[in-house]
Amino acid sequence: MSNLVLEPREFKLLDGLRLNPRKSFGGKVRGERLTKKKGISIEFADFREYAEGDDLRHLDWNVLARLDSPVMRTYRDEEDLAVHILLDGSASMSFGEPTKFSGAVRLACALGYVALCGGDAVVPRILGMREPNQSTLRGRSSFPRLVNWANQSRDQEAAKDSLSTSIRQFVSSSTRTGLVCLFTDGLDPELPTSIRGLGGRGHEVLLLQILSDIELDPDLEGDLRLIDVERGTSCEITANGQVLKEYRRRLAAHNQELSDAVLRVGGRYALVHPQDSVEQLIQRVWKKQGWMR
Amino acid sequence: MTFQFPSALFAILPIGGFIVFLYLLKMRRRDVRVPASFLWPNQVEEIRANALIQKLRPNILLFLQLLALLAIVGAVARPQTAQKGLAGEVTVLVIDTSASMSATDVKPNRFEEAKRLAREAIQSAKATDRIAIIEAGPTPRVISPLSNDPARQLAALNQTHATDAEGQVGEALRLASALVASLDGARIVLLSDGNFEPVSNFSRGKAALVYRCIGNLDDNMAINALGTSETPAGRQLFCGIKNHGSTPNSATLNLYADGKLIDSVKAPVIGPNGQWGRTIPAPAGAKVFEAKIDCSDYLKSDNYAVDVTDPTASLRVLLITKGNLFLERALALDPRVTLDKAMEVPVGERSGTGAGSYDVVVFDNMPEQPVKARGVLTFGLAGPESPVTASGASNRPKFLSAERSSLMENVDLASVYIDRQTVVKPKGLGETLAQTSVGPLVVASKDASKRQIFVAFAPLESDFPLQVGFPIFVANALDFLSGSGGTSTLSVRTGQTFSLPITTTAHLTTPNGDQIELKPNGSNLVVRDLNLVGAYKLSAEGKSRTIYASLKSDRASTIKPQRGLNLGGGTVKANDAPLRFADFWRPLALLILVVLVLEWWIFARKS
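From first to last, the protein sequence lines are chains A and B.
So the first sequence is numbered by the numbering used here: it starts at 49 and just counts up by one.
So the second sequence is numbered by the numbering used here: it starts at 2 and just counts up by one.
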């Protein structure tokens, strides 16, 4: 892997893709995203009565000639889109080969690259760790900064907050509403609640759940004491067919709950493996499911 | 439910405690770091332990092991359930077939009721129950050995019939005891009315004894005496009737002489246990007298009696002995013999005026005394009236020869070992019939009034009683002493076994008209199973003999059901609804098997 995380071939695949949010969000600066606000663009919005002082360039001369009444054409404004890249930095992300975190970093950079190229404002944030907020990134030239941020060495074992706690903190902060791209393994029982919180705050949630084979098909056997790396709690089991079957059932139910929570707030959900390539992700999820266009 | 070994239940506590203790042992587990533990079921199935000690947790294996322990301990304690029924796991059904069981106070009669109960017991027995059936008739026999074959048992049961004879219930019980006394859980079931000879010398061993009393009423009239006697007024026929019931009853008595009715009279009402007699002159020349009574009672077989007055048809024999079973048996085998036994000659039977009661007196190694009887058989010691003169004794004589005579017919003395012989010389009319190296061995004499046989050794001082010729010699001697070469008319008691000097196949016609073929055993024909009252025809060697069988038994005529029996030193009360204690360990064993298989399956799945 190069310093830029992505392969050159992957950059080519990502070029030309644009994020396709379902909602419209107000921006801070002029950008390429249509907003609900009236402004200057080529997207017609509505007609209204002429008022004194209006720009005559937007007067509909055809209507004036036919009805002898001055009517103004209004257009939708175009602003930038806030894309919040939330990267789960909890201890559970260090499992897998390659680790789920490394996979998450790669996919987050890919999505960030698409957003930067689309003129959106990218706001990266690591969840679970207490780090100073990263400044908003704009433009393709900011991609190296995004990669540097993602490649910072972090001790995930030292993560202080749980995933759901970090999301709640994010919800309660005065961030712009926008597209929240959550890269996580989702192994937090409170996560569905937190997702509903994100939706309630007005964000559109894109949840990319990254699970390795350790979670999907655990290779455990015998009498074990399972130690939860995030909470430090332990659980004694006898790993046999019955227990493994029950585990898989619970995991599937949890994932389904996550998916339902995301869809309920109008977001999108996909389950990927850390070893999935960007190309696979583009074909299987981002383009196929309409995350990007 | 009861337990045969309830103390075994105490094993539950220590063994159960040990099992629970094993589950208190803690598993030393391997630590594994996982991304999240909330997805894992908190499910611990500890099947191994290597550390102390933990809180007891609910565990299906523990439950199954405790259940298996309960079942095992329960099975070891031998639980039993009480069920109504005659048969147990091992049962001997003893069915009384004696005359009193033909009483009709129970419909159709007591014997059929006993068969019905036995049939029910067989049909309700479990597949593993073993049942034997013993017929307690005049000669007890096992008609079905111990088996669990109901079809065979029912077939054997259907072959049994009631008799008009006294039953040997004591012998039958001893036979049953020999079959099952050593078996745990065995029971002997006696189906009877309780009217039989007192039973002694009987031990039931481990077997339980269940007595099912059959019968309700006791109304019965019986002919208890029939005979003739010479009186100054001529020969008189006497007949006695006895009321064995507990209520007064009356009867019409009919007397026959040689098949012709000679008297018919209605007897007065006879009270409970009362008797009434009728004496009439006996027709001259008549030999067979029969008596029949018509009355309302429940047992018919004792309403008929017969008496044969042919002097050779019956013999009253007095045996003077200190005890000689062989001689008693040999004498009793003769159908004519009515045997009495004494240590010395009664005063009234010694020589003097008047007639004696006995036809023959047998001295078994006892000093011979002059007697009134017309025949004397002496073994061992000679007396003043013996046909010999004794002059000492000699040991181990050597047999020399025997004369051809009816007395010695089919008797081989050459092979007899004689330990001690009295040395004698014949005197008077004494005729030597057999000779040894020390002198005469058998000497016989006869005149118009007396016949005598002297045998110069005691049976118990030789092996003669063990030889085939011994009962033949006794039968020949009785023929010689009675002065007959056999008779054409016999009177016996029902059920009596006897032998006749017949060497060819004989045919017996029963009172019912059935034909039975009898084959001789050597020089004798053993006749048994004359179990019905009436006249039998025996055809053999071109001659026909009539054998009259009658009951004439006070005990058999007493048909009052006995609710309590004294058997083997203990009293056994009748039990109308006996309970059987069925072992319950088989279902428990099955439960143990199922639980252990289930536990193994769960263990295999979990491990």
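Cβ atoms here follow ideal geometry from the backbone N, Cα and C, with glycine treated the same way.
With 16 other Cβ atoms within 10 Å as the buried cut-off, status of residue i
i	result
Asn-110 (chain B)	buried
Val-598 (chain B)	exposed
Ser-308 (chain A)	First, the residue type needs correcting, since residue 308 (chain A) is Asp and not Ser in the sequence shown. Label assigned to Asp-308 (chain A): exposed.
Phe-149 (chain A)	buried
Pro-388 (chain B)	buried
Ser-50 (chain A)	Annotation note: pLDDT 42 at Ser-50 (chain A) (below 50); position unreliable, coordinate value reported separately. Ser-50 (chain A) is exposed by the Cβ-count criterion.
Ser-407 (chain B)	exposed
Phe-95 (chain A)	exposed
Trp-602 (chain B)	exposed
Pro-58 (chain B)	It is worth fixing the name first, because residue 58 (chain B) is Arg in this sequence and not Pro. When all chains shown are included, Arg-58 (chain B) counts as exposed.
Thr-164 (chain B)	buried
Thr-423 (chain B)	buried
Gly-543 (chain B)	exposed
Glu-252 (chain A)	buried
Ser-204 (chain B)	exposed
Glu-121 (chain B)	exposed
His-302 (chain A)	buried
Ile-222 (chain B)	Note that residue 222 (chain B) is Met in the sequence shown, not Ile. When all chains shown are included, Met-222 (chain B) counts as buried.
Lys-85 (chain B)	exposed
Glu-395 (chain A)	The structure shown does not extend to residue 395 (chain A), since chain A spans only 49 to 341, so no value can be given for it.
Thr-379 (chain B)	buried
Glu-350 (chain B)	buried
Asn-43 (chain B)	exposed
For residue j and residue i, the rounded distance between their alpha carbons
i	j	result
Ala-226 (chain B)	Leu-238 (chain B)	10 Å
Arg-556 (chain B)	Glu-518 (chain B)	32 Å
Glu-172 (chain B)	Ser-178 (chain B)	10 Å
Val-107 (chain B)	Leu-155 (chain B)	22 Å
Met-177 (chain A)	Gly-270 (chain A)	35 Å
Val-596 (chain B)	Glu-90 (chain B)	27 Å
Gln-453 (chain B)	Tyr-549 (chain B)	30 Å
Ser-153 (chain B)	Ser-145 (chain B)	Before going further, note that residue 153 (chain B) is Arg rather than Ser in the sequence given. Whole-angstrom Cα-Cα distance: 8 Å.
Leu-306 (chain A)	Pro-172 (chain A)	22 Å
Ser-210 (chain A)	Glu-278 (chain A)	8 Å
Asn-288 (chain A)	Asp-185 (chain B)	49 Å
Ser-201 (chain B)	Asn-522 (chain B)	33 Å
Ala-62 (chain B)	Ile-275 (chain A)	A quick correction: the sequence has Leu, not Ala, at residue 62 (chain B). In a straight line, the C-alpha of Leu-62 (chain B) is about 27 Å away from that of Ile-275 (chain A).
Listed by chain order, chain A residues near residue i by CB distance under 7 Å
i	result
Phe-39 (chain B)	Pro-237
Arg-1 (chain B)	The requested residue 1 (chain B) does not occur in the structure, where chain B is confined to residues 2 to 608.
Pro-59 (chain B)	None at all; the shortest Cβ gap to chain A is about 14 Å.
Residue i: contacting residues in chain A (beta-carbon distance under 9 Å)
i	result
Pro-588 (chain B)	What Pro-588 (chain B) touches in chain A: nothing, since even the nearest Cβ is about 31 Å away.
Arg-606 (chain B)	Asn-288, Gly-289 and Gln-290
Per-residue contacts from residue i into chain B (C-beta, under 9 Å)
i	result
His-321 (chain A)	Under the 9 Å cutoff, chain B gives no residues; its nearest Cβ is about 14 Å from His-321 (chain A).
Asp-308 (chain A)	In chain order: nothing, as chain B lies at least about 17 Å away.
Ser-140 (chain A)	Val-35, Pro-36 and Ala-37
The ligand FMN heavy atom lying under 7 Å from the CB of residue i
i	result
Ala-209 (chain B)	Only the bare structure without any ligand can be found here, which leaves the ligand FMN out of the picture.
Beta-carbon proximity check, residue i vs residue j, cutoff 8 Å
i	j	result
Ser-500 (chain B)	Val-527 (chain B)	yes
Pro-460 (chain B)	Asp-365 (chain B)	yes
Tyr-359 (chain B)	Arg-330 (chain B)	no
Ile-96 (chain B)	Tyr-299 (chain B)	no
Gln-370 (chain B)	Ser-416 (chain B)	no
Leu-254 (chain B)	Ala-283 (chain B)	no
Lys-418 (chain B)	Ser-463 (chain B)	The sequence shown places Tyr at residue 418 (chain B), rather than the Lys named in the question. Yes.
Ile-174 (chain A)	Gly-226 (chain A)	no
Gln-337 (chain A)	Arg-316 (chain A)	yes
Ser-38 (chain B)	Cys-283 (chain A)	yes
Under 8 Å by beta carbon: chain A residues contacting residue i
i	result
Val-33 (chain B)	Leu-268, Leu-272, Arg-273, Leu-274 and Ile-275
Under 8 Å from the C-beta of residue i: neighbouring residues of chain B
i	result
Ile-258 (chain A)	Under the 8 Å cutoff, chain B gives no residues; its nearest Cβ is about 11 Å from Ile-258 (chain A).
Arg-202 (chain A)	Those do not exist, as Arg-202 (chain A) stays about 17 Å from chain B at its closest Cβ, beyond 8 Å.
Glu-278 (chain A)	Pro-36 and Ala-37
Phe-149 (chain A)	Ordered by position in chain B, no residue passes the 8 Å Cβ test against Phe-149 (chain A), which lies about 11 Å from the chain.
Any chain C beta carbon closer than 8 Å to residue i
i	result
Thr-281 (chain A)	No chain C is present in this structure, whose protein chains are A and B.
7 Å Cβ cut-off: residues of chain B touching residue i
i	result
His-302 (chain A)	Leu-40
For the stretch 203 to 242 of chain A, list the beta strand (DSSP E) runs that are entirely contained and at least 3 residues long, ordered along the chain. 227 to 232
Could you tell me which whole alpha helix (DSSP H) segments of length 4 or greater appear in the stretch 39 to 98 of chain B? 61 to 77
Report the start-end ranges of each alpha helix (DSSP H) in the stretch 555 to 585 of chain B that is 4 residues or longer and not cut off at the edges. 555 to 558
Beta strand (DSSP E) segments (min. 3 residues) lying fully within the stretch 306 to 390 of chain B: Unbroken beta strand (DSSP E) runs of no fewer than 3 residues, entirely contained in the stretch 306 to 390 of chain B, are found at 316 to 321, 338 to 343, 361 to 365 and 376 to 380, following chain order.
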